[in-house]
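J.: Last residue of the sequence shown: 128 in our numbering, with the numbers rising by one and none dropped. Glycine is no exception: its CB is placed at the ideal position from the N, C-alpha and C atoms. Values in this document were obtained by computation on a predicted structure and should not be read as measured data. One structure coming up, written as structure tokens, with questions to follow.
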Amino acid sequence: MREKRYIADARAVEPFQEKGVAMGDYELVLVEEYELLGEKRYRFQLKGTSIFLNVSANNVEEAREKARRMVREIQLDALLRYIAAQTEQKTAS
């Protein structure tokens with residue numbers, strides 16, 4: 036059985052690659068630090084959204100890096116920038 040991987044629609048990434056826009060302009064806010072089944076866990080919110088990421092790590096720096104990696108891997112940063120650009124275009128019209 037093949038592994039299923041879900042990524043954001045490629046059309047969401049293309050406009051930013053064409054314009055050379057950096058896709059790392061987002062802020063992770065530490066919302067909660069807790070322990071679950073003996074494992075240290077951290078909950079981050081993508082600032083300005085209702086998106087939360089939960090990661091396990093030994094410290095907050097490692098947790099923040101894991102959360103950033105998750106955002107890049109699922110291309111969430113590109114998708115949010117695409118949505119923001121579409122919103123700006125609609126309000127400018």
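So residue 92 and residue 75 are supposed to be a Cβ contact under 8 Å. How far apart are they, rounded?
T.: 7 Å between Cβ atoms; contact.
J.: Roughly how many angstroms separate the alpha carbons of residue 66 and residue 121, rounded to a whole number?
T.: 29 Å
J.: Would you mind working out which of 85, 116, 128, 89 sits nearest residue 105, comparing C-alpha positions?
T.: Among 85, 116, 128, 89, the Cα nearest to that of residue 105 is on 89.
J.: Please identify the residue among 94, 61, 109 whose C-alpha is closest to the C-alpha of residue 82.
T.: 61
J.: If you check the beta carbons only, do residue 87 and residue 63 fall under 8 Å apart?
T.: No, they are not a contact pair.
J.: Where DSSP assigns a beta bridge to residue 95, which residues make up the other side?
T.: Answer is none; residue 95 lacks a bridge partner.
J.: Are there 16 or more other CB atoms within 10 angstroms of the CB of residue 98, so buried, or fewer, so exposed?
T.: buried
J.: Going by Cα to Cα distance, which pick from 118, 126, 128 is closest to residue 84?
T.: When only C-alpha atoms are compared, the closest one is 118.
J.: Using a Cβ cut-off of 8 Å (strictly closer), state whether residue 112 contacts chain D.
T.: Note that chain D does not occur in the displayed structure, where there is just one protein chain.
J.: In the DSSP output, what is residue 80 paired with across the bridge?
T.: 64, 87
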